[in-house]
Amino acid sequence: MAIKVSRSRRRPVKTTGTLPPEGSGTALHYSHPLPVRQWPITLVLAVACAGLAIAWFGDSKAGLLTKVGLLTVGGSLLLAAVLRLLLPEVGMLAVRSRFTDITVLSFLGAVIVLLTLVTQPAPWLHLSVLDNIGQLIGRPHR
88 MAIKVSRSRR
98 RPVKTTGTLP
108 PEGSGTALHY
118 SHPLPVRQWP
128 ITLVLAVACA
138 GLAIAWFGDS
148 KAGLLTKVGL
158 LTVGGSLLLA
168 AVLRLLLPEV
178 GMLAVRSRFT
188 DITVLSFLGA
198 VIVLLTLVTQ
208 PAPWLHLSVL
218 DNIGQLIGRP
228 HR
């Protein structure tokens, strides 16, 4: 006579064994203070905060400093992508897999830089496709 063994197919109540993302170890030894140990994310956040401060306190009429500040913010995301690509350990800058982090950071940084370059008034980058879209919605061509 054979005995049937039933196995439960229920999911575990508590998740165990979740591994941290690749490269999430500290960039420097634990003997250093936390901001120094996590220098990649500290650098990226410092550059982004500087860009936001430049954009916030920039002259809104000319828009020059606002654009420079927003380019700095986009540049900080591109810097984060480069650091994630080149460094073996980036600490808290590692969120997902290396490929996902680099892809998302590069895409968001490029979008912020591109949108800043085509922002009115006086865009620094002229794209004819934007004029075509403007004509479709009734805006006169300049």
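Using this note's numbering, the letters of the sequence shown correspond one by one to residues 88 to 229.
The beta carbon of each residue, even a glycine, is placed where N, CA and C say it ideally should be.
The structure presented is a predicted model; accordingly, all values stated were derived computationally and were not measured.
**OP:** State buried or exposed for Ile224, treating a residue as buried only when at least 16 other CB atoms are found within 10 Å of its CB.
**Re:** Taking all protein chains shown into account, Ile224 has fewer than 16 neighbouring C-beta atoms within 10 Å of its C-beta and is therefore exposed.
Subject >> Presumed contact (8 Å Cβ cut-off) between Ile189 and Leu172, rounded CB distance >> reply: Indeed, because the Cβ distance is near 5 Å, the residues count as touching under 8 Å.
Original post:
What span of residues does the alpha helix (DSSP H) with Trp143 cover, start to end?
Top reply: In the DSSP annotation of this structure, the continuous segment of the alpha helix (DSSP H) that includes Trp143 starts and ends at 126-144.
**OP:** Return the CA-CA distance between Val155 and Leu195, expressed in angstroms with no decimal places.
**Re:** So the alpha carbons of these two residues sit roughly 17 Å apart.
Original post:
Would DSSP call Leu214 helix, strand or coil?
Top reply: In the three-state reduction of the DSSP assignment, Leu214 falls in the coil class, being assigned neither a helical nor a strand state.
Subject >> Whole-angstrom C-beta distance between Gly110 and Ala181, which should lie under 8 Å >> reply: With a beta-carbon spacing of about 5 Å, Ala181 and Gly110 fall inside the 8 Å limit used to define contacts.
**OP:** Assess, as a yes-or-no matter, whether the stretch 155-165 is touched by the stretch 115-134 under the definition of 3 or more beta carbon pairs within less than 8 Å.
**Re:** Between the stretch 115-134 and the stretch 155-165, the count of C-beta pairs closer than 8 Å reaches three or more; the two stretches touch.
Subject >> Residue closest to His116, alpha-carbon to alpha-carbon, out of Leu158, Gly178, Phe144, Arg97 >> reply: The option with the nearest alpha carbon to His116 is Gly178.
Original post:
Are Gly138 and Thr153 touching if we call contact CB-CB under 8 Å?
Top reply: Thr153 sits away from Gly138, with the two beta carbons spaced by 8 Å or more.
**OP:** Would you mind reading off the limits of the alpha helix (DSSP H) that contains Val155?
**Re:** Under the DSSP assignment, Val155 falls in the alpha helix (DSSP H) whose first and last residues are 151-173.
Original post:
How is Ala197 classed by DSSP in three states: helix, strand or coil?
Top reply: Ala197 falls in the helix class under three-state DSSP.
Original post:
When the Cα of Leu130 is compared with those of Val169, Gly145, Phe144, which residue comes out closest?
Top reply: Answer by Cα proximity: Val169.
Subject >> As assigned by DSSP and simplified to three states, the class of Ala208 >> reply: It should be pointed out that residue 208 corresponds to Pro in this sequence rather than to Ala. Reduced to three states, the DSSP call for Pro208 is coil.
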